[in-house]
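K.L.:
Please read through the structure below; I'll follow up with questions.
Right, here's the structure in full:
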């Protein structure tokens, strides 16, 4: 291994260039992505003996994976434009402001409970794309509106979207699913409680803790506890969904109680709107005669919940929607050093994809609004506005995914992980969640991170005579928390808040919480393993 350390250093170069460019040099996302992609290709060719054929296959896969993500982004932008142009975003902001004037409780309802719920039913960045604009409507500044959903949804990622990340980890490790599910839910349950405090901290530092401590604690425990109970009963596919439902009921219930009884009970019922925090006045209400009730304004999101539920929970329809797919095939790729990536295929279902579900929701929302007598802008105008945000976002996504696939196909990712593992030895439980986080950052997905590093975590644990189930759970816990800083999701947040190209400032906010909570997972792993 010592002779390979120079390759470990070389493998870090694309990530260093990307992070330095975004965080310190303030490059736009597209610029950072293009330069990092060039560096990764050069390192792959020079240090890892990747031929042009290997790089070509890697970039072809990057295009396929990018289309998968971009399908969601463009469809989510369309849904937002419809809701915004009809006045729904303003009305939702006004309604939540009327439900509670407390800024922290507003964040907990929209940026924590609702994002967790959406992660349970949709995932793939949908929670960020949907809730960030809602926070803008409530008057929160764009930077905060982009950061809060990224922080608030991450704990629910592994068991979200029908537990797709959990199922991937289970498949690649072959570990007992019940034990694995319990460990994951326990770790992320703790992360749930910490996430509530992190969301409040994004807004105004530690100032909200004293007056809203009870509400934050109860909401975090309620959602984390619900996920754990569902995991104990082996209902993994609805664990985050159920937790988010409970979170919505609890948070909105606390808001109503606070309005009736006033603040108190050790911060359980916060009802004081303090001037602190990065907040602007809510968007002005629609003109007289155009007011919307909360339920009419929330119509696109009710439609989203209904469309996703029908498409997910009716198996024959689910199979029918997934029957037609665009397929990308990749040949076997082998570098001059012998690193081999087997041939495979990637399928994008045309009608059953999350992006398609968002498009159905958009069409349904327009029809329902027309039935309700509301005027909706024509489709051409809507798509033109979507393109303004979508084109730069598309370039950023393609280049960032390209960095990830070049690193994976050249063997850089594996060499980097192996070097980190060899360096820490008995401290491996502390490192384990950071490997998961790293995988999510470079692949953009906790599912992909689990596929990439799941077996490595299991084998490393066995070599070090540690609990492989615990290490696998730490892997996906770190991967879930890595969603806070995954470039693909950060781009989604900036695209839907008018901050396209300003990914660096958002990452600077979310990175502190991602690293802190991931370290917490590692310390828990160390304590349990001892």
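Numbering (this note's numbering), first residue to last: 14 to 543.
Glycine is no exception: its CB is placed at the ideal position from the N, C-alpha and C atoms.
The model shown is predicted, which means the values in this text are computed figures rather than measured ones.
(1) Skipping 5 residues on each side, what residues in its chain have a beta carbon closer than 7 Å to that of residue 212?
(2) Measuring CB to CB, does residue 57 end up less than 8 Å from residue 50?
(3) Per DSSP, what are the beta-bridge partners of residue 339 in this structure?
(4) Measuring only the C-alpha atoms, how far is residue 445 from residue 178?
(5) Which two residues bound the contiguous alpha helix (DSSP H) that contains residue 577?
(6) I want to see whether chain D comes within less than 8 Å of residue 145, judged by CB atoms only; does it?
(7) Using the Cβ count rule (16 or more neighbours within 10 Å means buried), how would you classify residue 402?
(8) Would you mind listing the alpha helix (DSSP H) stretches within the stretch 30–65 that are 4+ residues and don't spill past its ends, in chain order?
(9) Taking its Cβ as the centre, do 16 or more other Cβ atoms sit within 10 Å of residue 368, making it buried, or is it exposed?
(10) Am I right that residue 372 and residue 145 are in contact with their C-beta atoms under 8 Å? What's the rounded C-beta distance?
(11) Note down, one range per segment and in chain order, each alpha helix (DSSP H) of at least 4 residues found wholly within the stretch 88–119.
(12) To the nearest angstrom, report how far apart residue 217 and residue 225 are at their CA atoms.
(13) When you compare only the Cα positions, how much space is there between residue 197 and residue 311?
(14) Just reading off the alpha helix (DSSP H) that residue 459 is part of, what are its end residues?
(15) Assuming residue 442 is part of the alpha helix (DSSP H), what are its boundary residues?
(16) Just the Cα atoms here: how many angstroms apart are residue 355 and residue 432?
(17) With the cut-off set at 8 Å, would you say residue 507 and residue 519 are in Cβ contact?
(18) If we require 4 or more residues per run, which alpha helix (DSSP H) segments fall completely within the stretch 197–284?
(19) Rounded to the nearest angstrom, what separates residue 529 and residue 331 at their Cα positions?
(20) If residue 450 sits next to residue 531, beta carbons under 8 Å apart, how far is it from one beta carbon to the other, in whole angstroms?
(21) Sort 439, 132, 393 and 186 by Cα distance to residue 482 and report the nearest one.
(22) Alpha carbons only, please: which of 114, 127, 19 and 54 is nearest the one belonging to residue 1?
(23) Report the rounded CA-to-CA distance for residue 323 versus residue 334, giving the unit in angstroms.
(24) Is the number of C-beta pairs between the stretch 138–158 and the stretch 67–86 that are closer than 8 Å three or more?
(25) Please state whether DSSP places residue 388 in a helix, a strand or coil.
(26) Could you pull out every residue in the same chain whose Cβ sits closer than 7 Å to the Cβ of residue 456, ignoring the five residues on either side in sequence?
(27) Which residue marks the beginning of the alpha helix (DSSP H) containing residue 180, and which one marks its end?
(28) Start and end of the alpha helix (DSSP H) containing residue 366?
(29) Does DSSP put residue 154 in a helix, in a strand, or in coil?
(30) Give the straight-line distance between the Cα atoms of residue 493 and residue 220, rounded to the nearest whole angstrom.
(31) What does a CB cutoff of less than 7 Å around residue 70 pick up in its chain, not counting 5 residues either side in sequence?
(32) Could you tell me if residue 340 is buried or exposed, where buried requires 16 or more neighbouring beta carbons within 10 angstroms of its beta carbon?
(33) Could you tell me the boundaries of the alpha helix (DSSP H) in which residue 491 lies?
(34) So, at 6 Å on beta carbons, what are the nonlocal neighbours of residue 443 in its own chain, with the 5 sequence-adjacent residues on each side left out?
(35) Exposed or buried, which one is residue 302 when buried takes at least 16 other CB atoms within 10 Å?
(36) Once you ignore the five residues that flank residue 521 on each side, which residues in its own chain have a CB closer than 8 Å to its CB?
P.N.:
By the coordinates alone:
(1) Against the chain shown, residue 212 aligns to sequence position 199. Excluding residues within five positions, the ones whose Cβ falls inside 7 Å are 120, 121, 124, 125, 161, 164 and 165.
(2) By 1-based counting over the chain shown, the position of residue 57 is 44. By 1-based counting over the chain shown, the position of residue 50 is 37. No. Outside cutoff.
(3) Walking along the chain shown from the start, residue 339 turns up at place 326. Beta-bridge pairing links residue 339 to 361.
(4) In the chain shown, residue 445 corresponds to position 432, counting from 1. In the chain shown, residue 178 corresponds to position 165, counting from 1. Their backbone Cα atoms lie some 17 Å apart in a straight line.
(5) Here the chain comprises residues numbered 14 to 543, so residue 577 is not present and cannot be evaluated.
(6) The chain labelled as chain D is not found in the depicted structure, where only one protein chain is given.
(7) Within the chain shown, numbered from 1, the residue matching residue 402 stands at position 389. When all chains shown are included, residue 402 counts as buried.
(8) With a minimum length of 4 residues, the continuous alpha helix (DSSP H) runs that stay inside the stretch 30–65 are 42–60.
(9) The residue given as residue 368 occupies position 355 in the chain shown. That one is buried.
(10) Taking the chain shown and counting its residues from 1, one reaches residue 372 at position 359. Taking the chain shown and counting its residues from 1, one reaches residue 145 at position 132. Between residue 145 and residue 372 the Cβ distance is about 19 Å, and since that is not below 8 Å, they are no contact.
(11) 101–112
(12) What you label residue 217 is simply residue 204 of the chain shown in a count that begins at 1. What you label residue 225 is simply residue 212 of the chain shown in a count that begins at 1. Taking C-alpha positions only, residue 217 is separated from residue 225 by approximately 12 Å.
(13) Within the chain shown, numbered from 1, the residue matching residue 197 stands at position 184. Within the chain shown, numbered from 1, the residue matching residue 311 stands at position 298. Those two C-alpha atoms are separated by around 33 Å.
(14) Within the chain shown, residue 459 is the residue found at index 446, counting from 1. Unbroken alpha helix (DSSP H) run through residue 459: 459–476.
(15) Numbered from its first residue, the chain shown carries residue 442 at position 429. Start and end: 441–456.
(16) What you label residue 355 is simply residue 342 of the chain shown in a count that begins at 1. What you label residue 432 is simply residue 419 of the chain shown in a count that begins at 1. Approximately 23 Å between the Cα atoms of the pair.
(17) The residue you call residue 507 lines up with position 494 of the chain shown. The residue you call residue 519 lines up with position 506 of the chain shown. In contact: residue 507 and residue 519 (Cβ atoms closer than 8 Å).
(18) 220–245 and 252–274
(19) Walking along the chain shown from the start, residue 529 turns up at place 516. Walking along the chain shown from the start, residue 331 turns up at place 318. In a straight line, the C-alpha of residue 529 is about 39 Å away from that of residue 331.
(20) Reading the chain shown from its first residue, position 437 is the one you call residue 450. Reading the chain shown from its first residue, position 518 is the one you call residue 531. With 8 Å as the limit, residue 450 and residue 531 qualify as a contact, their Cβ atoms being about 5 Å apart.
(21) Here residue 482 corresponds to residue number 469 of the chain shown, with the count starting at 1. Looking at the Cα atoms, 186 is the closest of the given residues.
(22) Residue 1 lies beyond the range of the chain shown here (14 to 543); nothing can be said about it.
(23) Here residue 323 corresponds to residue number 310 of the chain shown, with the count starting at 1. Here residue 334 corresponds to residue number 321 of the chain shown, with the count starting at 1. Taking the Cα positions, residue 323 is about 11 Å away from residue 334.
(24) Segments in contact, yes.
(25) To locate residue 388, count along the chain shown from 1; it is residue 375. Reduced to three states, the DSSP call for residue 388 is coil.
(26) Translated into positions along the chain shown, residue 456 becomes position 443. 417, 462 and 465.
(27) Sequence index remark: in the chain shown, residue 180 carries index 167 (1-based). Run containing residue 180: 177–186, per the alpha helix (DSSP H) assignment.
(28) Numbered from its first residue, the chain shown carries residue 366 at position 353. No alpha helix (DSSP H) contains residue 366, which DSSP labels as neither H nor E.
(29) Along the chain shown, one-based indexing puts residue 154 at 141. Three-state result, residue 154: coil.
(30) For the purposes of this step, residue 493 is taken as residue 480 along the chain shown, with counting starting at 1. For the purposes of this step, residue 220 is taken as residue 207 along the chain shown, with counting starting at 1. If you take the alpha carbons of residue 493 and residue 220, they lie about 27 Å apart.
(31) Stepping through the chain shown from its first residue, residue 70 is reached at position 57. Residues of the same chain with a CB within less than 7 Å of the CB of residue 70, apart from the 5 flanking positions on each side, are 343, 344, 346 and 422 in chain order.
(32) Here residue 340 is taken as the residue at index 327 of the chain shown, counted from 1. Burial state of residue 340 is exposed, judged by a 10 Å Cβ sphere holding fewer than 16 other Cβ atoms.
(33) Here the question's residue 491 lines up with position 478 in the chain shown. Looking at the DSSP string, the run of the alpha helix (DSSP H) that includes residue 491 is 481–494.
(34) Taking the chain shown and counting its residues from 1, one reaches residue 443 at position 430. 535 and 539.
(35) Locating residue 302 in the chain shown gives position 289, counting from the first residue. Bear in mind that a pLDDT of 42 at residue 302, under 50, signals an unreliable position, so the number given afterwards is only what the model happens to contain. Burial call: exposed.
(36) Here the question's residue 521 lines up with position 508 in the chain shown. Result list for residue 521: 36, in chain order.
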